[in-house]
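Just so we're aligned: 62 in my numbering is position 62 of the sequence shown, and the numbers increase by one with no gaps anywhere.
Built from N, CA and C at the ideal position, the CB exists for glycine as well.
Computed from a predicted structure; not experimentally measured.
Worksheet: one structure, shown below.
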Amino acid sequence: GVDVAGGSPDASVAEAAASEIGGVAYTQSIANPDAAAEAVAMAVERFGGLDILVNNAAILRDAFVFKMDPADWEAVIRNNLSAPFFMLRAAAEVMRGQGKSGRGDGEGYDWGRVVNIISSAGLYGNYGQAAYASAKAGQVGLTRVAALDLARAKVTVNAVAPFARTRVTDMIQPANDEQASYKERAMKIEPRHVANLVAALCQPQASSVSGQILGVRAREVFLFNQARPAETLANQAGEWDPSDLAGVLAGCGDALTPLVTDLESFNTEPLI
Numbered sequence: 001g002v003d004v005a006g007g008s009p010d011a012s013v014a015e016a017a018a019s020e021i022g023g024v025a026y027t028q029s030i031a032n033p034d035a036a037a038e039a040v041a042m043a044v045e046r047f048g049g050l051d052i053l054v055n056n057a058a059i060l061r062d063a064f065v066f067k068m069d070p071a072d073w074e075a076v077i078r079n080n081l082s083a084p085f086f087m088l089r090a091a092a093e094v095m096r097g098q099g100k101s102g103r104g105d106g107e108g109y110d111w112g113r114v115v116n117i118i119s120s121a122g123l124y125g126n127y128g129q130a131a132y133a134s135a136k137a138g139q140v141g142l143t144r145v146a147a148l149d150l151a152r153a154k155v156t157v158n159a160v161a162p163f164a165r166t167r168v169t170d171m172i173q174p175a176n177d178e179q180a181s182y183k184e185r186a187m188k189i190e191p192r193h194v195a196n197l198v199a200a201l202c203q204p205q206a207s208s209v210s211g212q213i214l215g216v217r218a219r220e221v222f223l224f225n226q227a228r229p230a231e232t233l234a235n236q237a238g239e240w241d242p243s244d245l246a247g248v249l250a251g252c253g254d255a256l257t258p259l260v261t262d263l264e265s266f267n268t269e270p271l272i
């Protein structure tokens, strides 16, 4: 059992969730750093500490890159990337302080957990989602850096890409039959599967799991690989000539990452 403080700018949504689980709601926009700090302070004051942060805020403003409104771009980056950073920064300060002050059971503090809810769009890319995918990819980088920065404090930081029925999924407007089928499959999946993975990452047994990118699709859990060199192209004879290098790159074939979206990669029925 844990005490839960949840945030949403939609007061009715936040308060309904808080009422259902016996938590406390925060209804200001955490895209403001002062509000994020206030939300963390509220949780600490209400519950006596803060051990788990789940960054789950997201909005959609989809458009092809050649039609993207700069204001929509900025709104998505602010809500989907800056807001998680603001929350993480405020929470990390508290968690580090708790470790130094001896919070725990006398065996050392290693309860700190951060889980960033990302998206497969940030890993694969997706048509018309320049802002959303960029923000979620940014959260992957934020996850890695925060995991490194907080390792000495024994705070783990991981990222989870969910495949499930959510308010964001419901907002997706399919542009073709393939996207419609993808949405139909996702809407069959209860969000509790995502919650189960998040809860697993917060267990004591997962204290060594940090900096990882995971996904969950009903009863399937994915551990994603992370960007590392797939091939090394070394010119032993001297400096690369641009024309020669272009030819070598074009011949890399299977070593090149296919230009496909998550729709093609996850096109089977989920294990419900």
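Cα-Cα separation between residue i and residue j, rounded to whole angstroms
{"i": "F85", "j": "L142", "result": "8 Å"}
{"i": "P252", "j": "V145", "result": "What sits at residue 252 in the sequence shown is Cys, not Pro. Roughly 31 Å between the two C-alpha positions."}
{"i": "A237", "j": "A250", "result": "20 Å"}
{"i": "S134", "j": "D262", "result": "15 Å"}
{"i": "P33", "j": "N79", "result": "11 Å"}
{"i": "G108", "j": "A255", "result": "45 Å"}
{"i": "A121", "j": "V54", "result": "19 Å"}
{"i": "A75", "j": "E93", "result": "26 Å"}
{"i": "S29", "j": "E38", "result": "11 Å"}
{"i": "V194", "j": "V216", "result": "6 Å"}
{"i": "Q139", "j": "N126", "result": "16 Å"}
{"i": "R113", "j": "V209", "result": "10 Å"}
{"i": "V13", "j": "P242", "result": "55 Å"}
{"i": "N196", "j": "Q203", "result": "11 Å"}
{"i": "M68", "j": "D62", "result": "8 Å"}
{"i": "A284", "j": "L271", "result": "Coverage of the chain is limited to positions 1 through 272, which leaves residue 284 absent and any answer about it impossible."}
{"i": "D51", "j": "P162", "result": "22 Å"}
{"i": "N176", "j": "G211", "result": "35 Å"}
{"i": "A83", "j": "I77", "result": "8 Å"}
{"i": "A58", "j": "A11", "result": "16 Å"}
{"i": "F266", "j": "E231", "result": "26 Å"}
{"i": "A246", "j": "R89", "result": "43 Å"}
{"i": "N47", "j": "V115", "result": "According to the sequence displayed, residue 47 carries Phe and not Asn. Taking the straight line joining both Cα atoms gives about 19 Å."}
{"i": "P258", "j": "E184", "result": "25 Å"}
{"i": "Y26", "j": "A91", "result": "15 Å"}
{"i": "Y264", "j": "L123", "result": "What sits at residue 264 in the sequence shown is Glu, not Tyr. Those two C-alpha atoms are separated by around 13 Å."}
{"i": "N235", "j": "A151", "result": "38 Å"}
{"i": "T268", "j": "F222", "result": "15 Å"}
Alpha helix (DSSP H) segment containing residue i, residue limits
{"i": "N196", "result": "R192 to L201"}
{"i": "I274", "result": "Look at the range of the chain in this structure, 1 to 272, and you will see that residue 274 is not part of it."}
{"i": "L123", "result": "A121 to Y124"}
{"i": "R46", "result": "P33 to F47"}
{"i": "V318", "result": "Given that the chain is displayed from residue 1 to residue 272, the structure contains no residue 318 and the question cannot be resolved."}
{"i": "V209", "result": "Element bounds for V209: n/a, residue is neither H nor E."}
{"i": "Q173", "result": "Unbroken run through Q173: none, as it is neither H nor E."}
{"i": "D149", "result": "A130 to D149"}
{"i": "F85", "result": "A83 to K100"}
{"i": "K188", "result": "No alpha helix (DSSP H) contains K188, which DSSP labels as neither H nor E."}
{"i": "E264", "result": "D262 to S265"}
{"i": "A250", "result": "P242 to A250"}
For residue i, the first and last residue of its enclosing beta strand (DSSP E)
{"i": "R217", "result": "I213 to R217"}
{"i": "P258", "result": "That residue, P258, is in no beta strand (DSSP E); it is neither H nor E in DSSP."}
{"i": "A161", "result": "T156 to F163"}
{"i": "F222", "result": "E220 to L223"}
{"i": "Y26", "result": "V24 to Y26"}
{"i": "V114", "result": "R113 to I117"}
{"i": "V65", "result": "Careful: V65 lies outside any beta strand (DSSP E) and carries neither H nor E."}
{"i": "L53", "result": "I52 to N55"}
Exposure of residue i, with buried meaning 16 or more beta-carbon neighbours within 10 Å
{"i": "S19", "result": "exposed"}
{"i": "A16", "result": "exposed"}
{"i": "V248", "result": "exposed"}
{"i": "M87", "result": "buried"}
{"i": "R219", "result": "exposed"}
{"i": "M95", "result": "buried"}
{"i": "V65", "result": "exposed"}
{"i": "N56", "result": "buried"}
{"i": "Q173", "result": "exposed"}
{"i": "G22", "result": "exposed"}
{"i": "L233", "result": "exposed"}
{"i": "A71", "result": "exposed"}
{"i": "L214", "result": "buried"}
{"i": "V260", "result": "exposed"}
8 Å contact criterion, which residue i and residue j should meet: CB distance rounded
{"i": "A186", "j": "R165", "result": "6 Å"}
{"i": "M171", "j": "L60", "result": "5 Å"}
{"i": "L73", "j": "A31", "result": "This sequence places Trp at residue 73; Leu is not what is there. Not really, about 14 Å apart at Cβ, beyond 8 Å."}
{"i": "K100", "j": "S119", "result": "K100 to S119, Cβ: 35 Å. No contact."}
{"i": "G49", "j": "Q98", "result": "6 Å"}
Checklist entry - Below 8 Å, can you find three or more Cβ-Cβ pairs linking the stretch 189 to 199 to the stretch 34 to 48? => result no
Checklist entry - Are at least three pairs of beta-carbons, each pair with one atom in the stretch 227 to 243 and one in the stretch 150 to 161, less than 8 Å apart? => result no
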